[in-house]
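Sequence lines, in order, name chains A and B.
Numbered per the working numbering, the first sequence spans residues 1 to 140.
Numbered per the working numbering, the second sequence spans residues 141 to 280.
Below is one structure, written out as structure tokens; the observations come after it.
Number of protein chains: 2
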Amino acid sequence: MACDLCDGDGGEVLFRDAKLRVVAVTGAEAVYRGFCRVIWNAHTKEITDLTRDDRNRFMDAVYRLETALRSSLDPDKMNIASLGNMTPHLHWHVIPRFHDDATFPKPIWAHAFTSQEMASDTTQQSHPDWKEAVRCALSA
Amino acid sequence: MACDLCDGDGGEVLFRDAKLRVVAVTGAEAVYRGFCRVIWNAHTKEITDLTRDDRNRFMDAVYRLETALRSSLDPDKMNIASLGNMTPHLHWHVIPRFHDDATFPKPIWAHAFTSQEMASDTTQQSHPDWKEAVRCALSA
């Protein structure tokens, strides 16, 4: 069965090892500054399908990413979510939230992007320094 | 500063220890069968504000809860999220999702409850057996 996260990287890869990768979102979603995903490389549906060691490894990447994003962007709140209803391939959305972002204080999913917005690419609106902080934090 | 999760339980308590509690949501949100929250008892903003041991303890409760909900309800997908933009007191939403639920495959936050829905109490629509499974899984 076709799976977007098996067939492609799912974003701009900032870190990758044998088990997982961290990507910065691209396209319209990049309007949320620092929005990244931690994607388990193997096609796995739920976190409780992983072994204990793999769960810890997966969450350690989330913590490193959150720490790097907090340090470099100083968000008002961090949002973390594993949903995957349409793409049941294990991944965490890790989203720094700011009082002046597009939907705060609502969850970002309260805003449905229009097809016009989805076709736009807001990647360049985002100051890129945080990406280097993420690369360093995950490689350490 | 007033905090809903310091001032109250935040739902029907299914498990509680010195560090955290697991509650079943009540009111309109209970339309999502099995929707629970894992709430850190102390007022803490982000998961990376916890020590490593406490993060592990928090996530272990999430895994136990997810396992119990999967066993007892057999959902099509599990959704897990830590948001807290309006209530910045660390808690995980743990939500079994079903093809025939109110918003699937969208995130539940894509649906804004009307004030009429919020005033309703759908708690009794939910078959209660899963609550006993959660109590057992967390106490084990």
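For each residue, glycine too, the CB sits at the ideal point set by N, CA and C.
Here the structure is a predicted model, which means the values were calculated and not measured.
Using a Cβ-Cβ cut-off of 7 Å, B:R204 does not count as an interface residue toward chain A, since no Cβ of chain A sits closer than that to its own.
Here B:S260 carries a coil assignment [DSSP, helix/strand/coil]. Nearest in C-alpha terms to A:C36, of all of A:S120, A:A61 and A:L50, is A:A61. Between A:K19 and the set A:R55, A:G34 and A:H93, the nearest pair of CA atoms involves A:R55.
Chain A places a beta carbon closer than 7 Å to that of B:M218, counting this residue as a contact. Under the Cβ criterion of 7 Å, B:W270 is not counted among the residues facing chain A.
Between A:V23 and A:D9, the C-beta gap is smaller than 7 Å, which places the two residues in contact. Only those residues of the segment 176-189 of chain B whose C-beta falls short of 9 Å from the nearest C-beta of chain A are listed: K185, E186, I187 and T188.
Contact between the segment 178-190 of chain B and the segment 248-255 of chain B is not established, with fewer than three Cβ pairs separated by less than 8 Å.
Across the structure, A:T26 and A:T122 are spaced so that their CA atoms are roughly 7 Å apart.
As DSSP reads the structure, A:A110 sits in no beta bridge.
Cα atoms of A:D100 and B:L230: separation of roughly 22 Å, rounded to the nearest angstrom.
The Cβ-Cβ distance between B:A170 and B:V274 does not fall below 7 Å.
By the CB criterion at 7 Å, B:D216 and B:R237 fall inside the cutoff.
For B:L205, the enclosing alpha helix (DSSP H) stretches over residues R192 to L213. When the alpha-carbon of A:C3 is set against those of A:V13, A:M86 and A:A119, the nearest one is in A:M86. Contacts between B:S222 and chain A, judged by CB atoms closer than 8 Å, involve M78, N79, I80 and A81 in chain order. Any Cβ of chain A closer than 7 Å to the Cβ of B:R237 would place that residue at the interface, and such an atom is present. Residue range L160 to A164 is occupied by the beta strand (DSSP E) that includes B:V163. Straight-line measurement puts the Cα of A:C6 at about 31 Å from the Cα of B:G224. For A:R33, there is no enclosing beta strand (DSSP E), as DSSP marks it with neither H nor E. DSSP places A:K77 inside the beta strand (DSSP E), whose first and last residues are K77 to S82.
Note on geometry: alpha-carbon atoms of A:A119 and B:P228 lie some 33 Å from one another. Taking the CA atoms as reference points, B:W270 sits about 7 Å from B:G174.
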